[in-house]
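Counting from 39, one number per residue, gives the positions in the sequence shown under the working numbering. In this text, a Cβ means the ideal position worked out from N, Cα and C, and glycines have one as well. Have a look at the structure below before the remarks.
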Amino acid sequence: MKANKLHSPQHLNVGEKLGAGLSLKPEHLDEILALPVKNLSAADDLWFEVHTENYFVAGGPRLNYLRAVRENHNVSFHGVGGSLGSDLQAMSAHTKRVKALIDEFQPALVSEHAVWSKSNGKYYADLMPLPRTKDALNSLVDGIDCYQCAIGRSILIENPSNYLDFISEMDEPQFLVEAAKQTGCGLLIDINNLYISSQNTGIDALNYLRQIPAELVGEIHIAGHDPDPALGRSLLIDSHAAAVAPPVWTLLEQALGLFGHRPVLVERDANIPSFEELLNEWQIAQNYLAQSESQKKVNTPYLNTPDKEAIR
39 MKANKLHSPQ HLNVGEKLGA GLSLKPEHLD EILALPVKNL SAADDLWFEV
89 HTENYFVAGG PRLNYLRAVR ENHNVSFHGV GGSLGSDLQA MSAHTKRVKA
139 LIDEFQPALV SEHAVWSKSN GKYYADLMPL PRTKDALNSL VDGIDCYQCA
189 IGRSILIENP SNYLDFISEM DEPQFLVEAA KQTGCGLLID INNLYISSQN
239 TGIDALNYLR QIPAELVGEI HIAGHDPDPA LGRSLLIDSH AAAVAPPVWT
289 LLEQALGLFG HRPVLVERDA NIPSFEELLN EWQIAQNYLA QSESQKKVNT
339 PYLNTPDKEA IR
């Protein structure tokens, strides 16, 4: 039984209520708790994303920290260990812990990666792209179904970063869209991942976005990247350790033009700057969201407006 028969796509209802968000980091707890409290449904209310597996603990300060933040802010859960594309036998124990956290914190969005990271009982600490074949698609569909059935709600799946090109039976947009249609899940479009893939493998990023139906998109991620230490900018690494690069902001603007208002997360997982610096990036993302809303009112339909700066 497919998950689209069991779960309504919650991301369709959430998207219009959330604006920009930030990765939740314990270094910023005092500043976060000191923020003025707003209406949780306000589009300019700051929300926070956490990696779900970081809270697989029985108790202690980490969970108390998240509880304190959740009192005043929406949160989203972003999984990194689900391995939706392989080794589904190990998923049951994993999803039980995910569901326990969901039941307590009621996150606005739940997402995972359309990748594999487990094989024959071994876990590899990496998010490895799937071969885009019919067999791999079937495995991904089964994984999404298992995950959604276990947690009792729909999820979003994220496009991976690609570091090399390989022969496939379908393009990545087609692969992800088909998985979403068969399972009732939504898509999380990571703009930084897409930009990295475009530079590393030569795909057309804007054409990629145009192949994604807007109604499937529930969230957008942006982040920083770094050149490979040995190969330089000929190989970009999805580090989440730098500020968002100008071409990623441009691609975000184009994505919002195609998809409309969607929650936008500014990710930062290394070289953590001050909270003030992250808030500056958050404000830029908010400005792009406001700009897309105002342009949508002026240009009808929005999709007929010219591209300002196409990423090739």
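- According to the DSSP secondary-structure assignment, aspartate 264 is paired through a beta bridge with Ile275.
- When secondary structure is reduced to three states using DSSP, glycine 256 falls in the strand class.
- Note that the stretch 208–216 does not touch the stretch 261–276; fewer than 3 beta-carbon pairs, one per stretch, sit closer than 8 Å.
- Taking 9 Å as the cut-off, the Cβ atoms of tryptophan 85 and valine 118 do not count as close.
- With a cutoff of 9 Å on beta-carbon distance, glycine 59 and leucine 303 are scored as near each other.
- Here aspartate 68 carries a helix assignment [DSSP, helix/strand/coil].
- When beta bridges are read from the DSSP output, alanine 58 appears opposite Val302.
- Less than 9 Å divides the Cβ of asparagine 230 from the Cβ of histidine 263.
- For glutamate 207, the CB contacts under 8 Å within the same chain, skipping 5 residues up- and downstream, are Arg170, Thr171 and Lys172 in chain order.
- Contact holds between the stretch 192–201 and the stretch 221–237, because three or more Cβ pairs, one in each stretch, are under 8 Å apart.
- In the three-state reduction of the DSSP assignment, leucine 316 falls in the helix class.
- Of the candidates Ile189, His111 and Val153, Ile189 places its Cα closest to the Cα of alanine 131.
- For glutamate 207, there is no enclosing beta strand (DSSP E), as DSSP marks it with neither H nor E.
- Within the stretch 76–121, the runs of alpha helix (DSSP H) at least 4 residues long that lie entirely inside it are, in chain order, 99–108.
- For leucine 175, the CB contacts under 7 Å within the same chain, skipping 5 residues up- and downstream, are Phe213, Glu216 and Ala217 in chain order.
- Within its own chain, the residues whose Cβ lies closer than 7 Å to the Cβ of alanine 243, once the five positions on either side in sequence are excluded, are Leu232, Tyr233, Ser236, Leu289 and Ile349, listed in chain order.
- Under the criterion of beta carbons closer than 8 Å, leucine 194 and phenylalanine 143 do not qualify as touching, at roughly 17 Å.
- Within 10 angstroms of the beta-carbon of isoleucine 260 lie 16 or more other beta-carbons, which makes it buried.
- Residue pairing by DSSP places serine 149 opposite His116 and Leu194 in a beta bridge.
- Secondary structure at aspartate 141: helix, using DSSP grouped into helix, strand and coil.
- Closest by C-alpha distance to leucine 147, out of Asn325, Asn102 and Val88, is Val88.
- Nearest in C-alpha terms to proline 311, of all of Lys55, Lys63 and Leu56, is Lys63.
- Taking each of Gly120, Leu247, Ser124 and Arg135 in turn and checking the Cα distance to tyrosine 93, the smallest one comes out for Arg135.
- For isoleucine 227, the uninterrupted beta strand (DSSP E) segment begins and ends at 224–228.
- Valine 255 has its alpha-carbon roughly 10 Å from the corresponding atom of leucine 247.
- With 16 or more other Cβ atoms inside 10 Å of its own Cβ, valine 282 counts as buried.
- Per DSSP, the continuous alpha helix (DSSP H) segment holding aspartate 180 begins and ends at 172–189.
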